[in-house]
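K.L.:
As given, the protein sequences belong to chains A and B, one line each in that order. One rule links them: number in my numbering = place in the first sequence (from 1) + 227. One rule links them: number in my numbering = place in the second sequence (from 1) + 227. Okay, handing you the structure first.
2 protein chains.
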Amino acid sequence: MKLTSKGRYAVMALVDLARFDSINPVSLRDISLRQGISLDYLEQIFSKLKKNEIVKSIRGTQGGYVLNKNPNDIKLTNIFHAVDEKVKTVQCNKDSKRGCNGKATKCITHNLWDELEIHINTFFENKSLNDLLNKNKETRV
Amino acid sequence: MKLTSKGRYAVMALVDLARFDSINPVSLRDISLRQGISLDYLEQIFSKLKKNEIVKSIRGTQGGYVLNKNPNDIKLTNIFHAVDEKVKTVQCNKDSKRGCNGKATKCITHNLWDELEIHINTFFENKSLNDLLNKNKETRV
DNA sequence: TACATACCTGACTAAAATGGTCAAGTTTTG
DNA sequence: CAAAACTTGACCATTTTAGTCAGGTATGTA
Ligand code: FES
Ligand code: FES
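What follows is the structure, given as C-alpha cells:
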C-alpha cells in the first residue's frame with residue numbers, strides 16, 4: 228500500500244499555500260521552489276484542485292492561487308478525491324455482486340477489505356487542512 | 228493507495244488453508260481452484276510464507292501446507308510482512324534525517340504521513356487470522 | 001503597448017511496479 | 001516407478017507513476 232507522490236504533493240502544496248494566501252496569491256513557482264516540486268507537475272495538480280473548487284486562480288503578474296474555502300472545510304478526503312488519489316483495497320466493483328476477476332460471488336475476505344477501506348478513509352475524513360497548519364506551527368522551533 | 232493482489236491473495240489463501248488444515252495438509256492446487264488464484268503465483272506467495280514460518284510444507288503425494296502457528300497468533304501484519312506488502316506513505320528513509328528526493332530536511336507534512344502509516348498499521352496489527360475465520364462463519368448463510 | 005509573469009492545456013515518455021507465466025527441477029507416497 | 005505436490009529462478013507483458021516538454025492565453029506594470 229503506497230501513497231503516491233501526487234497525493235502527497237497536493238497536500239504539501241496546499242499547506243504551503245494556506246500559510247501565505249492571506250497576504251497575496253501564491254504562485255506555483257514559489258511553491259515549487261519552497262517545496263521542491265516540479266513546476267510542471269504542480270500545474271497538473273492545481274488544474275485538478277481548481278476544477279474541484281478547492282483553490283481559485285488569479286491570472287497575470289502577481290497572480291497565483293488562493294484557497295477557495297475555509298481551511299477547516301478542506302478535508303484530506305477532498306484533496307485526494309480532487310487529484311484522483313483513491314483508496315482501493317479490492318479490484319472488484321463495489322456496486323456489483325460479482326467478485327474480483329469477474330467471479331460470480333464475492334470472495335471470503337471481502338468484508339475485511341471493506342473494513343480496511345473504511346478505516347483508512349476515516350482518517351482522511353477527519354483531517355482538515357487547518358489541522359495540518361496548527362500541527363505545523365506547534366512543531367516549528 | 229492500493230492494496231496489491233499479492234497481499235490480498237496471501238490472506239485469502241491463508242483463510243482457505245485455516246479452514247481445512249486440521250484435517251489434512253492443503254495443496255496449493257486446491258486453494259488455486261477454490262479461490263481462483265493462479266497456481267504458479269500461489270507458489271511464489273507460499274514460498275515467502277514458509278520462509279517467515281507462517282506455514283509448514285509437507286512434500287510428496289497427499290502433501291501440502293499447514294499453518295505453523297495458532298490462527299490467533301497470525302496477524303495481518305505478519306502475513307503482509309512476509310509477502311513484502313508494506314505500507315509506505317513516504318519516499319524518504321524513515322531513519323534518515325533527510326527528506327524525500329534527498330532534501331536536507333523533512334517536509335512540512337511529514338508528521339501527517341507518519342500518523343497515517345501508524346493508523347493503517349494498527350488495523351493490521353489488531354486483526355488475526357482467527358478473527359477472519361469467525362467473521363466468515365458468522366456471515367455464512 | 002510591450003513585456004514579463006503566471007496560469008492553462010495536452011501530448012509524450014522513461015522507469016518502476018504489478019501480476020503474473022514458464023521451465024525445470026526435487027521429494028515422497030502408494 | 002509413477003503421480004502428486006512442493007521448490008526455485010528466470011522471464012515478461014501491461015499498467016501505473018512521476019514526471020517532462022511544448023506550446024499556448026491572460027493580465028498587471030513600466
Ligand atoms: S475482494 Fe473482490 S471479490 Fe473479494
Ligand atoms: S515525506 Fe519525505 S520529507 Fe516529508
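In this text, a Cβ means the ideal position worked out from N, Cα and C, and glycines have one as well. Just so you know, these numbers come straight off a predicted model, no measurement behind them.
What does the alpha-carbon distance come out to for the pair Lys296 of chain B and Asn353 of chain A?
P.N.:
Using only the alpha carbons, I get a separation of about 37 Å.
K.L.:
With a CB to CB cut of under 8 Å and the five nearest residues on each side skipped, what residues in its chain are close to Lys313 of chain A?
P.N.:
Once the five neighbours on either side are set aside, the close Cβ partners of Lys313 of chain A are Phe307.
K.L.:
Output needed for Ala240 of chain A: all residues of its chain with C-beta closer than 7 Å, excluding positions within five of it in sequence on either side, in chain order.
P.N.:
Closer than 7 Å at the Cβ level, and outside the excluded window around Ala240 of chain A, lie Ile258, Gln262, Ile264, Leu269 and Ile272.
K.L.:
Would you give the residue range spanned by the alpha helix (DSSP H) that Ala343 of chain A belongs to?
P.N.:
The identity of residue 343 of chain A in the sequence shown is Leu, whereas the question assumes Ala. His337 to Asn353 is the extent of the alpha helix (DSSP H) around Leu343 of chain A.
K.L.:
Which residues bound the alpha helix (DSSP H) around Ile258 of chain B?
P.N.:
Ile258 of chain B -> alpha helix (DSSP H) spans Leu255 to Gln262.
K.L.:
From the beta carbon of Asn328 of chain A, is the nearest beta carbon of chain B less than 8 Å away?
P.N.:
For Asn328 of chain A, the answer is yes, since a Cβ of chain B falls inside 8 Å of its Cβ.
K.L.:
Let me check you understand the geometry: is the CB of His337 of chain B closer than 7 Å to at least one non-hydrogen atom of ligand 2?
P.N.:
Yes, the Cβ of His337 of chain B comes within 7 Å of a heavy atom of ligand 2.
K.L.:
Could you tell me which chain B residues have their CB closer than 8 Å to the CB of His346 of chain A, listed as they occur along the chain?
P.N.:
His346, Ile347 and Phe350, listed in chain order.
K.L.:
Check the Cβ-Cβ distances between Gly263 of chain B and every residue of chain A, and say whether any is below 8 Å.
P.N.:
Answer yes: the Cβ-Cβ gap between Gly263 of chain B and chain A drops below 8 Å somewhere.
K.L.:
Say whether chain A places a C-beta atom closer than 8 Å to the C-beta of Asn242 of chain B.
P.N.:
Correcting the residue identity first, residue 242 of chain B is Val in this sequence and not Asn. Judged by the 8 Å Cβ criterion, Val242 of chain B is in contact with chain A.
K.L.:
Please compile the residues from chain B whose C-beta is within a distance smaller than 8 Å of the C-beta of Val238 of chain A.
P.N.:
Per Cβ cutoff of 8 Å: Thr336 and Leu339.
K.L.:
Check whether the stretch 282–296 of chain B touches the stretch 314–327 of chain B, taking contact to mean three or more Cβ pairs, one atom from each stretch, closer than 8 Å.
P.N.:
They do not touch, by the three-pair rule.
K.L.:
Report the CB separation of Ala245 of chain A from Pro298 of chain A in whole angstroms; it is logged as a contact under 8 Å.
P.N.:
Indeed they touch by this definition, with Cβ atoms about 5 Å apart.
K.L.:
Using three-state DSSP, classify Gly287 of chain A as helix, strand or coil.
P.N.:
Gly287 of chain A falls in the coil class under three-state DSSP.
K.L.:
Would you mind telling me which residues of chain A sit closer than 7 Å to Leu343 of chain B, beta carbon to beta carbon, in chain order?
P.N.:
Under the 7 Å cutoff, chain A gives Phe350.
K.L.:
So does Val317 of chain B have its beta carbon nearer than 7 Å to some heavy atom of ligand 3?
P.N.:
By its list of ligands, the structure shown excludes ligand 3, since it contains just ligand 1 and ligand 2.
K.L.:
Using a Cβ-Cβ cut-off of less than 8 Å, give me the residues of the stretch 251–280 of chain B that come near chain A, in sequence order.
P.N.:
The residues in question are Gln262 and Gly263.
K.L.:
What is the C-beta distance between Lys275 of chain B and Val310 of chain B, in whole angstroms, given that I count them as a contact (C-beta under 8 Å)?
P.N.:
The pair is a contact, with the Cβ atoms about 5 Å apart (cut-off 8 Å).
K.L.:
Which residues in chain A sit within 8 Å of Val310 of chain B, going by Cβ to Cβ distance?
P.N.:
The contacting residues do not exist; Val310 of chain B stays about 12 Å from chain A at best.
K.L.:
Would you grab the beta carbon distance between Leu359 of chain A and Thr336 of chain B for me? Rounded to a whole angstrom, and I think it's under 8 Å.
P.N.:
The Cβ separation is near 7 Å, so the contact holds.
K.L.:
Compute the beta-carbon to beta-carbon distance between Lys302 of chain A and Phe351 of chain A, rounded to the nearest angstrom, for a pair I have assumed lies under 8 Å.
P.N.:
Going by Cβ atoms, the distance from Lys302 of chain A to Phe351 of chain A rounds to 7 Å, so yes, they are a contact pair.
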